[in-house]
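Enquirer: This structure is in structure tokens; I'll ask about it shortly.
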Ligand code: ATP
Ligand code: MG
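Here's what the structure looks like:
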């Protein structure tokens, strides 16, 4: 018996005039996420059908589509001719053996012999006869047998509504540059913004050779995991801050290492973003989580930004909430691998928690800021994942 995947879309639906544009982005993202798997996507009365998928690929297709933003829910449906016997056979396949259930019928084909109510009652009776341990409960059933009698002489029969990723199709809300470390927070921040339809590019700062290649591979893994949510591809930019950290270490008061490094990172990020057409920066900062993420710390790092907004979607989250999301999106296990981040190189024992701009500027005055930025920009490497 042939099966198809029904994909229902989410908020896109609300977008009136722009709906065509949103839907095209949505379909393109679905197509990219299914690259390498045989399938056909077809629009059918306000939703999409993914057809001609090999039986053994169906689960894989579902799990890929569950990462495509814009999806409200998915179901795997049997498609049969609109014939009572065939519909009953399909319903028996998705029906559980015990528990309570109801039949929900939607009848687009008004020429069908029974109306929706009559059909649900008939099919319910047939299922009860086949599975004696079943009971009907129309108010809060354990499961629902859904029957969709289409106009084209075909009927779809399905059970569960699997949750989709929600959000908006990636690519419909501009482009942002995610500052990604190897930690737990930044991938979660990227995921949240991609969910609102923004296409991500990633920027990672490393301190090679103080940080090793495994640290870099770990970040690549995280970026790859994000690409599944990012319309199937993602760019990763890598920039060395080794010399910047060495110069801070040599010339400035130890406690200002992170404060000063963050200001370099923000300046470099904004320049890169502007040069590659990204419209904002995204960080995984959370208010008060560590010394550099106090409001004073953020003021210090934010004050070097000239034009772009800096999105900090995790600002109001507790660490355990971030961890929960990180598990749900599948980045947690990689994030906790124990490789060093550049921020942990030359880590001060007592980082300033409330830097005063006057002091920061005094420390920074000991450095050739422009020269160091230019040098860092020249180390840029970009890969596509
Ligand atoms: P994360 O878990 O994302 O590493 P964190 O709690 O360790 O965050 P910090 O190390 O203070 O916090 O970093 C705050 C934010 O700054 C990160 O979420 C990320 O957006 C950015 N960031 C930190 N280190 C790097 C890096 N090496 N490359 C790029 N961005 C970085
Ligand atoms: Mg970190």
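Residue numbers (the numbering used here): 1290 to 1674.
All C-beta atoms in this analysis are idealised placements derived from N, C-alpha and C, irrespective of residue type, glycine included.
1) If we count Cβ pairs, one from each stretch, closer than 8 Å, do we get three or more for the segment 1560-1577 versus the segment 1452-1469?
2) Give the C-beta separation of residue 1290 and residue 1367 to the nearest angstrom, bearing in mind that I take them to be a contact with Cβ-Cβ under 8 Å.
3) Name the DSSP beta bridge partners of residue 1393, please?
4) What do you reckon, are the CB atoms on residue 1307 and residue 1459 nearer than 8 Å?
5) By the 10 Å Cβ neighbour count, where 16 or more other Cβ atoms means buried, how is residue 1350 classified, buried or exposed?
6) Answer with buried or exposed for residue 1579, where buried requires no fewer than 16 other C-beta atoms within 10 angstroms of its C-beta.
7) Run the proximity test for residue 1619: is its beta-carbon closer than 7 Å to any non-hydrogen atom belonging to the ligand ATP?
8) Do residue 1484 and residue 1456 have their beta-carbon atoms positioned less than 8 Å apart in this structure?
9) Just grab the DSSP bridge partners of residue 1366 for me.
10) Bridge partners for residue 1337 per DSSP, in chain order?
11) If you draw a straight line from the C-alpha of residue 1422 to the C-alpha of residue 1522, how long is it?
12) Could you tell me which residues DSSP pairs with residue 1452 in its beta bridges?
13) Mind checking which residues open and close the alpha helix (DSSP H) that includes residue 1649?
14) Please check the pair residue 1658 and residue 1548, which I expect to be a contact at CB under 8 Å, by giving their CB distance rounded to whole angstroms.
15) Does the contact criterion of 3 or more C-beta pairs under 8 Å hold for the segment 1593-1606 versus the segment 1631-1651?
16) In the DSSP output, which residue or residues are listed as bridge partners for residue 1672?
17) Sort 1434, 1492, 1384 by Cα distance to residue 1670 and report the nearest one.
18) Output yes or no for whether 8 Å exceeds the beta carbon distance between residue 1581 and residue 1640.
19) Tell me the residue span of the beta strand (DSSP E) that contains residue 1382.
20) In whole angstroms, what separates the C-alpha of residue 1327 from that of residue 1593?
21) Using the C-alpha atoms, what's the distance from residue 1296 back to residue 1533?
Expert: Short version:
1) Output reads yes: the segment 1452-1469 touches the segment 1560-1577.
2) 5 Å
3) Answer is 1435, bridged to residue 1393.
4) The Cβ atoms of residue 1307 and residue 1459 lie no closer than 8 Å to each other.
5) buried
6) Label assigned to residue 1579: exposed.
7) no
8) yes
9) The beta-bridge partner set that DSSP reports for residue 1366 consists of 1293, 1447.
10) 1296, 1332
11) In a straight line, the C-alpha of residue 1422 is about 49 Å away from that of residue 1522.
12) 1362
13) 1646-1653
14) Between residue 1548 and residue 1658 the Cβ distance is about 14 Å, and since that is not below 8 Å, they are no contact.
15) no
16) BP columns for residue 1672 point to 1525.
17) 1492
18) yes
19) From DSSP, residue 1382 is part of no beta strand (DSSP E) but of the alpha helix (DSSP H) over 1373-1383.
20) Going by the C-alpha atoms only, they are around 49 Å apart.
21) 49 Å
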